[in-house]
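So the number in my numbering is just where the residue sits in the first sequence, counting from 1, plus 2.
Built from N, CA and C at the ideal position, the CB exists for glycine as well.
The structure displayed is predicted, hence computed values, not measured ones.
All remarks here apply to the structure that follows.
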Amino acid sequence: MMNRSAFIKFRGTNSFLLHSLSSFQSGTHKASLHSNVSSLILKITNLNDALELFDEMSHRQPLPSVVKFNQLLTAVTKIKHFSSSLDLFKQMCSLGVQLDKYSISIAIKCCCQLNRTKDGFAVLGCCFRRAIAPDVYIFNALLDGLVLEDRILEAEMLFKKLIKQKLCEPDVVTYSTMIKGLCKFGNNFTALALLRLMEQKNCKPSIVTYSTIIDSLCKDKMIDDALKLLKEMVSDKGILPDVITYNSLICGLCKFGRWDEASKMLKQMEDEKISPDVHTFTALVDAFCKEGKVEEAEAVINIMVERGEFPNLVTYNSLIDGYCLRGEMIKAREIFDSMTLRGLAPNVVTYSSLLNGCCKNLNIEKAVQMFHEMIVKGLKPNVVTYNTMIQGFFQVGRCVDARKLFDEMHAQSQIPNQYTYRIVLEGLCNNRQVEEALSLFQLMGNSKLNSDIAVYNILIDGAGKNGKVDVARILFQGLIDKGLQPDVRTYNVMISGFCREGQLGESKLLFLKMEESGCPPDDVTYRVLLQGHLKNRHYDDVEMLLQEMDDRGYSLDASTLSLFIDHIAAGLLDRSMLKFLSKLVPKELLDDPRLCDWE
DNA sequence: TTAGGGTTAG
Numbered sequence: 003m004m005n006r007s008a009f010i011k012f013r014g015t016n017s018f019l020l021h022s023l024s025s026f027q028s029g030t031h032k033a034s035l036h037s038n039v040s041s042l043i044l045k046i047t048n049l050n051d052a053l054e055l056f057d058e059m060s061h062r063q064p065l066p067s068v069v070k071f072n073q074l075l076t077a078v079t080k081i082k083h084f085s086s087s088l089d090l091f092k093q094m095c096s097l098g099v100q101l102d103k104y105s106i107s108i109a110i111k112c113c114c115q116l117n118r119t120k121d122g123f124a125v126l127g128c129c130f131r132r133a134i135a136p137d138v139y140i141f142n143a144l145l146d147g148l149v150l151e152d153r154i155l156e157a158e159m160l161f162k163k164l165i166k167q168k169l170c171e172p173d174v175v176t177y178s179t180m181i182k183g184l185c186k187f188g189n190n191f192t193a194l195a196l197l198r199l200m201e202q203k204n205c206k207p208s209i210v211t212y213s214t215i216i217d218s219l220c221k222d223k224m225i226d227d228a229l230k231l232l233k234e235m236v237s238d239k240g241i242l243p244d245v246i247t248y249n250s251l252i253c254g255l256c257k258f259g260r261w262d263e264a265s266k267m268l269k270q271m272e273d274e275k276i277s278p279d280v281h282t283f284t285a286l287v288d289a290f291c292k293e294g295k296v297e298e299a300e301a302v303i304n305i306m307v308e309r310g311e312f313p314n315l316v317t318y319n320s321l322i323d324g325y326c327l328r329g330e331m332i333k334a335r336e337i338f339d340s341m342t343l344r345g346l347a348p349n350v351v352t353y354s355s356l357l358n359g360c361c362k363n364l365n366i367e368k369a370v371q372m373f374h375e376m377i378v379k380g381l382k383p384n385v386v387t388y389n390t391m392i393q394g395f396f397q398v399g400r401c402v403d404a405r406k407l408f409d410e411m412h413a414q415s416q417i418p419n420q421y422t423y424r425i426v427l428e429g430l431c432n433n434r435q436v437e438e439a440l441s442l443f444q445l446m447g448n449s450k451l452n453s454d455i456a457v458y459n460i461l462i463d464g465a466g467k468n469g470k471v472d473v474a475r476i477l478f479q480g481l482i483d484k485g486l487q488p489d490v491r492t493y494n495v496m497i498s499g500f501c502r503e504g505q506l507g508e509s510k511l512l513f514l515k516m517e518e519s520g521c522p523p524d525d526v527t528y529r530v531l532l533q534g535h536l537k538n539r540h541y542d543d544v545e546m547l548l549q550e551m552d553d554r555g556y557s558l559d560a561s562t563l564s565l566f567i568d569h570i571a572a573g574l575l576d577r578s579m580l581k582f583l584s585k586l587v588p589k590e591l592l593d594d595p596r597l598c599d600w601e
């Protein structure tokens with residue numbers, strides 16, 4: 003904690019101080035200034051102003067009321083200087099200001115926002131010592147702190163305790179905060195149940211309550227449920243969506259390629275005279291970039307600038323990521339420079355995108371250089387950064403360096419996530435180290451990571467590609483025994499493994515099982531099977547498979563088509579097959595010069 | 001109005 007003299011040193015001087023002082027020293031203004039603390043507080047826009055005012059207030063005789071101090075604390079909290087606000091709170095204590103529940107509530111909120119909920123509960127002790135009954139504001143701040151720190155079980159316990167022990171009557175904020183916590187942990191179902199419960203208890207959900215759930219549903223790909231909830235909010239409750247509600251919906255719709263509906267939403271916003279803000283535009287920029295449509299994203303940015311909204315760090319990061327995904331590093335660097343010129347400092351997300359771009363271009367040296375650059379700039383690599391670099395090393399076959407970084411991330415207390423394990427296992431498999439991958443998988447034990455279907459897909463594929471189809475089969479059986487549901491990729495890699503070994507009978511059995519298990523084959527399944535049949539010169543089922551593809555509206559890819567042409571050219575397949583194939587070939591492949599004699 | 005909850009990025 004900063005002591006008083008350090009505080010004064012830290013503060014420096016500024017115009018606000020000089021202004022206050024000049025009125026103060028003239029003497030005549032003393033009384034008016036005294037009564038003007040509230041209006042001075044209203045004018046506070048930066049931390050220094052606030053600290054000057056606090057200093058000035060603390061020298062007054064008598065001291066201003068606790069209300070004035072609370073107002074100042076609120077101002078500091080509003081500009082998000084939580085730890086300074088806490089320092090001021092502590093100084094209030096030592097000045098002997100009689101704290102009330104407002105001061106304590108602000109202090110608790112500051113602790114919680116700083117991820118120091120533990121200290122928040124300690125401050126709660128002040129309430130008891132001063133015989134102040136903690137109210138719903140205080141409990142809400144603590145509940146929010148637990149949610150912020152992902153301590154969802156403790157949050158639920160506190161929530162239940164409030165009700166059971168009648169510590170306070172939960173209000174709409176209490177419910178909304180608890181709902182936010184549930185949503186954060188993907189528990190949309192319970193969140194909805196809580197929404198119903200609050201209605202039962204005659205606590206009216208607000209736009210915030212609805213928006214919280216709508217946003218979570220959108221993030222979890224349940225857009226239709228989100229739209230349903232929106233309808234309920236508008237039609238049944240008469241609550242109109244605001245810009246935040248729209249942003250969540252537009253973001254969700256764009257992310258899942260539902261562009262038409264997204265543009266309808268935008269139109270609806272306009273009709274309701276709600277202006278899109280930087281979040282709205284950034285959601286559009288991001289979605290375009292993720293689809294590789296960087297030009298469209300740039301167009302959105304031009305529109306937003308025309309409308310007086312300016313891209314922020316997040317907008318720039320999305321655009322930089324878009325260029326990096328396309329491997330266009332010169333463009334990415336240009337955007338990076340113009341962002342820096344605008345005074346926006348790149349953060350760990352910016353660098354992770356750039357690293358990803360370099361790795362994508364197999365330019366690992368450049369990636370390593372930038373990795374160091376970011377550390378020199380004081381940015382701390384996070385899990386995504388490490389994942390990107392580890393993948394980059396594996397892609398160029400530098401398994402030892404990948405391993406070193408994997409160890410380093412532990413040392414830097416960055417906990418590997420499921421993506422890390424997928425990257426490492428895939429990297430090992432692709433570098434012919436299937437045994438290593440399998441033993442790492444064993445080491446993972448019965449954790450959640452061990453129940454990741456994507457991990458199984460990687461290992462089955464790796465085993466199959468490295469001539470270990472029996473291992474692949476054991477893994478496949480193992481995941482079923484575990485109660486995991488194979489997805490279409492699992493079937494595809496297993497079928498591919500069987501085909502590679504010439505076990506067409508096995509592959510056919512599995513293929514037939516897909517439909518039964520509620521996992522219908524996709525276009526990749528057919529391509530894998532067809533390639534397997536051709537490579538094994540087993541032509542019996544080929545026509546049937548092509549027919550089924552046609553029925554399902556699937557198309558052939560270049561490599562399968564190429565294989566067909568080779569077989570026809572070698573006289574292994576009849577030319578009459580060409581007509582059949584032409585139906586299954588997408589237009590762009592028809593331009594292939596080798597197909598010019600098709601018609 | 002002396003305190004609180006919801007939206008964007010790898």
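In whole angstroms, give me the CA-to-CA distance for residue i and residue j.
i      : j      : result
Glu201 : Leu160 : 20 Å
Trp261 : Met267 : 10 Å
Arg577 : Ser584 : 12 Å
Met271 : Pro243 : 9 Å
Gly661 : Val473 : This structure cannot speak to residue 661, because the chain is shown only from 3 to 601.
Leu74  : Glu58  : 12 Å
Ser354 : Ala299 : 20 Å
Ile392 : Asn363 : 15 Å
Leu451 : Tyr423 : 8 Å
Leu506 : Tyr212 : 53 Å
Arg400 : Tyr421 : 19 Å
Ala180 : Asn117 : With the sequence shown as reference, residue 180 is identified as Met, and Ala is not the correct amino acid for it. The alpha-carbon atoms of Met180 and Asn117 are separated by roughly 17 Å.
Lys581 : His535 : 19 Å
Ala135 : Asp102 : 10 Å
Pro66  : Phe56  : 10 Å
Phe141 : Leu97  : 27 Å
Gly520 : Leu343 : 54 Å
Please go through the same chain and pick out, in chain order, the residues whose beta-carbon is closer than 8 Å to the beta-carbon of residue i, but skip the five residues on each side of it.
i      : result
Cys185 : Ala193, Thr214, Ile215, Asp217 and Ser218
Thr284 : Pro313, Asn314, Val316, Thr317 and Ser320
Glu410 : Tyr388
Gly29  : Residue placement at Gly29 cannot be trusted, given a pLDDT of 34 that sits under 50; what the coordinates show is reported in the next sentence. So the list is empty, once near-sequence residues are dropped.
Val302 : Phe283, Leu286, Val287 and Phe290
Let me know if residue i comes out buried or exposed under the rule of 16 or more other beta-carbons within 10 Å of its beta-carbon.
i      : result
Glu336 : exposed
Phe347 : Rather than Phe, the amino acid found at residue 347 in this sequence is Ala. Flag for Ala347 reads exposed.
Cys501 : buried
Ile377 : exposed
His281 : buried
Leu20  : Residue placement at Leu20 cannot be trusted, given a pLDDT of 23 that sits under 50; what the coordinates show is reported in the next sentence. The residue in question, Leu20, is exposed, as its Cβ has fewer than 16 Cβ neighbours within 10 Å.
Asn204 : exposed
Cys95  : exposed
Phe395 : buried
Ala603 : Only positions 3 to 601 of the chain appear in this structure, which leaves residue 603 out of reach.
Ala133 : exposed
Gln115 : buried
Glu311 : buried
Thr2   : In the structure as shown, the chain begins at 3 and stops at 601. Residue 2 is therefore absent and cannot be evaluated.
Ala404 : buried
Val457 : buried
Ile305 : exposed
For residue i, collect the residues of the same chain with a Cβ closer than 7 Å to its Cβ; drop the 5 residues on either side in sequence, then sort them by chain order.
i      : result
Val351 : Asn319
Leu315 : Leu346 and Asn349
Ala560 : Leu591
Asp121 : Cys113
Asp173 : Val138 and Cys205
So residue i and residue j are in contact, right, with Cβ under 8 Å, and what is the actual spacing, rounded?
i      : j      : result
Lys163 : Leu169 : 7 Å
Lys111 : Ala143 : 4 Å
Leu531 : Leu547 : 6 Å
Gln2   : Cys360 : Here the chain covers residues 3 to 601 and nothing more, so residue 2 does not appear.
Phe91  : Ser105 : 6 Å
Leu477 : Leu427 : Actually they do not touch by this definition, with Cβ atoms about 12 Å apart.
Val69  : Ala52  : Rounded, the Cβ-Cβ distance is 16 Å, inconsistent with contact.
Excluding sequence positions up to five away, which residues of its chain have a Cβ less than 6 Å from the Cβ of residue i?
i      : result
Ile332 : none
Ser557 : Leu586 and Pro588
Leu574 : none
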